[in-house]
Amino acid sequence: MRPDLWLLDPATTHLNHGSYGAVPRPVLDAQRRAAEAIERSPERFYRTDLEPAIDAVRRRAAEFLGVDQGGLVLVQNATEAVQVALNGVRLAPGAEVVYTDHAYPWVKAAVARACAERGAVPRCVELPDPAGLTSAEFTTALLAALAGALTERSALLVIDQITSASALKLPVEAVCAEFGGAVPVLVDGAHAPGLLDAPVPAGAAFWYGNLHKWAFAARTAAALVVAPEWRDRVQPLVASAGAARGYPGSFSYLGTQDPTAYLALPAALDFPSEHLGLTFAALARRNADVLALGLARLADRLGLRPPPATDLPLATVPLGWDGGDAEAWELGDRLRERGVEVAAVTMGGRLHLRLSVQAYVGLEAFDVLATELARLAPRDRASRRP
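First residue of the sequence shown? That's 180 in my numbering, and the numbers climb one at a time after it.
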């Protein structure tokens, strides 16, 4: 479906949109025009035009996400956003930060560093296994697991909206409703913009999401949304000319930086309707349907156990091969050498592939993947288990 709208190498099979996105040609064109406009008068742009332009983009992003513009700032990526939020919480010695074992590795790293610097304590909760559970049963199990980890010392609860490696959609609305009144909840919505309508749940103290993954933004662009009661405590990582303006004004001018990814955001948000004739929701459904058909092909050709049905355009496929982090990296490298891009991960000592589909992916991509996996499959039956 319109692969010509991207610069992607046609000799490569691209099944990992979820990691870094892929910027469409019209968005790159908009970014180039923004860069050229800056160069016509850098003096005027940075002194006069930058902050009104950022405010206009913030307004558009807030409309897209269904939030108050006064609560939204633009940041480079989710990694920056989580560190801004952790700084805003101002952890005290002995305070606890609760997160799940499916949290993104860089989020875990940010939590670990913040806790080490402030004498706080990270607490990791094992996510319940969703296999065999209804949505309601999984929600109940998740809430119980989190409740068992929260104490009077809990200063922050971090929860994924869509987990990265395992591609699970978690009930963040229920989590915020259950615990948001007692402990601030930070929702990692890195994959949410462009996949979920109105993704920011009520009751979240902090929410962030990348715009360069599923919302087609140029790299890099993300949104951080902060609840009113926390805004006076949140500051950008860089103190600059706007530091005295508080939230959100202090985020608009952070020294001389390249803002063109932000300035091209309107073109990104218009891209599905203008160039594909689809809303974001309709495009997500199309991509999820292609993924489901592709996974069925993959399972049939390789004898794999298909993952549970999902309404997302990304899913994690168990290969039934033993392996840890080193083996996952090696598998990803070997597939890439063969012209196939996927995210290879390990869970529970088994290798999995997280596959994600965007409009440039067709079913033939799964045939290519199946062929290469068959060539790379372990010959030793002991390392291949259902």
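All C-beta atoms, glycine included, are put in the ideal place defined by N, C-alpha and C.
Confirm, please, whether the CB-CB distance from L365 to L347 is below 9 Å.
-> no
Identify every residue that forms a DSSP beta bridge with C303.
-> Y278
Nearest candidate by alpha-carbon position, reference D208, set A446, R533, A505, A494 = A446
Among the residues of its own chain, which have a CB less than 7 Å from the CB of R412, if the five just before and after it don't count?
-> G267, R269
May I ask which residues mark the beginning and end of the alpha helix (DSSP H) holding W285?
-> 284-297
Which of helix, strand or coil DSSP assigns to S198 | helix
Those runs of the alpha helix (DSSP H) which lie wholly inside the segment 406-491 and span at least 4 residues = 425-428, 439-442, 444-450, 459-481
Given 8 Å, three or more beta-carbon pairs between the segment 345-360 and the segment 294-305 | no
Test item: CB-CB of R239 and L444 under 9 Å = yes
Classification of L514 by the beta-carbon crowding that lies within 10 angstroms, buried from 16 upward = buried
Which residues does DSSP pair with N389 in a beta bridge?
-> A401
Confirm, please, whether the CB-CB distance from A423 to A406 is below 9 Å.
-> no
Local Cβ density within 10 Å of V354, reported as buried at 16 or more and exposed below that = buried
Along the chain, where does the beta strand (DSSP E) that runs through R529 open and close?
-> 529-535
First and last residue of the uninterrupted beta strand (DSSP E) at W500 | 493-501
To the nearest angstrom, report how far apart S452 and T458 are at their CA atoms.
-> 6 Å
Run through DSSP, which three-state label would S343 get?
-> coil
Euclidean distance between Cα positions of T319 and L349 | 12 Å
Any chance the segment 465-477 sits against the segment 545-558, with 3 or more Cβ pairs inside 8 Å?
-> yes
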